[in-house]
Amino acid sequence: MTDQIPVGIEPGVAPSGAGCVECEADGGWWVHLRRCAQCGHIGCCDTSPAQHATAHFNESGHPIVQSFEPGEDWFWDYAREVGVLGPELAGPQNHPEDQGVPGPADRVPEDWRDRING
Ligand SMILES: [Zn+2]
Ligand SMILES: [Zn+2]
């Protein structure tokens with residue numbers, strides 16, 4: 000048995016922040032957050048209006064994300080479209096509980112259910 004770390008996972012890289020990088024820049028909001036396991040970019044999931052996590056994969060080629068939701072530690076490989084196993088990444092492991100889902104709480108519109116994907 001080896002402890003080889005999959006390509007695309009850099010365990011020592013801290014997350015970029017508590018919220019989606021691009022949504023924070025343009026005042027957007029999200030449903031769930033995904034953390035790039037390679038560079039730490041936090042992006043919003045495909046249910047979110049702007050889908051910045053997938054956009055980050057398409058732009059950077061970084062293939063693996065980990066859920067940034069409290070209580071979730073699964074990894075997803077966009078390139079192979081499979082779940083993968085990985086090591087514990089540098090903390091924090093998820094966004095603050097009081098940020099809300101969807102979040103951030105102070106920017107989510109009342110009609111958010113009509114604005115999400117899928
Ligand atoms: Zn976003
Ligand atoms: Zn990345």
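In this text, residue positions in the sequence shown follow numbering that gives the first Met the number 0: the first is 0, and each later residue adds one.
Backbone N, C-alpha and C define an ideal beta-carbon position, used for all residues, glycine too.
This structure is a prediction, so every number in the text was calculated from the model and none was measured.
Identify the continuous beta strand (DSSP E) that holds residue i and give its terminal residues.
i     : result
Asp76 : 74–76
Val64 : 63–66
Cys43 : 41–43
Which of helix, strand or coil does DSSP assign to residue i?
i     : result
Cys35 : strand
Trp29 : strand
Glu96 : helix
Glu87 : coil
Decide if residue i is buried, meaning its Cβ has at least 16 other Cβ atoms within 10 Å, or exposed.
i      : result
Glu87  : exposed
Arg119 : This structure cannot speak to residue 119, because the chain is shown only from 0 to 117.
Ala52  : buried
Trp28  : buried
Trp75  : buried
Ile4   : exposed
Arg34  : buried
Pro103 : buried
Val81  : exposed
Taking the continuous alpha helix (DSSP H) assigned at residue i, which residues delimit it?
i     : result
Ser59 : 51–59
Residues bridged to residue i by DSSP?
i      : result
Ile8   : Bridge partners of Ile8: none, in fact.
Val81  : Asp76
Gly102 : Trp29
Touch test, the segment 9–25 against the segment 86–102, Cβ-Cβ under 8 Å, three pairs minimum: Three or more pairs of CB atoms, one per stretch, sit closer than 8 Å, so the segment 9–25 contacts the segment 86–102.
Cβ contact (3+ pairs, closer than 8 Å) linking the segment 19–28 and the segment 41–51: yes
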